[in-house]
Amino acid sequence: MLQMIHKHDIIKVKELVYIDYPGGAWGDHFVEKNVYYRVKTEPSNNGNFLAVNRQGQLQHFNAVTQKDKIEIM
Numbered sequence: 153m154l155q156m157i158h159k160h161d162i163i164k165v166k167e168l169v170y171i172d173y174p175g176g177a178w179g180d181h182f183v184e185k186n187v188y189y190r191v192k193t194e195p196s197n198n199g200n201f202l203a204v205n206r207q208g209q210l211q212h213f214n215a216v217t218q219k220d221k222i223e224i225m
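Going by this note's numbering, the first residue of the sequence shown is number 153, and it counts up by one from there.
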């Protein structure tokens with residue numbers, strides 16, 4: 153996975169999002185959501201790289217420890 157990620161690649165990351173239902177009819181829970189990022193930096197030797205989402209927020213990832221959550225598009 154580390155060798156396959158390059159600068160400007162689009163990646164899909166599985167994230168858990170907390171859902172708060174008004175009134176608590178169904179109970180609060182987490183939902184898995186796919187979030188897309190554009191890679192800003194090449195992965196370093198230990199797998200760390202930075203990526204930006206659609207809102208412009210910079211996020212830190214590690215290609216080694218988070219390899220099951222990251223998918224290259």
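Quick reminder that beta carbons are idealized off the backbone N, C-alpha and C, glycines included.
For residue i, is the classification buried or exposed, using 16 other Cβ atoms within 10 angstroms of its Cβ as the cut-off for buried?
i: F213; result: buried
i: V183; result: exposed
i: I157; result: buried
i: I224; result: exposed
For residue i, which residues of its own chain have a beta-carbon under 6 Å away from its beta-carbon, when the five flanking residues on both sides are left out?
i: T193; result: F201, L202
Ignore the nearest five residues each way along the sequence and tell me which others in residue i's own chain have a CB closer than 8 Å to its CB.
i: K159; result: V191, K192, T193, E194
Got a sec: does the ligand FMN put a non-hydrogen atom nearer than 8 Å to the Cβ of residue i?
i: N200; result: The model depicted lacks the ligand FMN and carries no ligand whatsoever.
On the DSSP bridge list, what partners appear for residue i?
i: E184; result: L168
For residue i, which three-state DSSP category applies?
i: K221; result: coil
Quick one: residues in its chain with C-beta nearer than 7 Å to the C-beta of residue i, no 5 flanking neighbours on either side, listed in chain order?
i: I162; result: Y188, R190, M225
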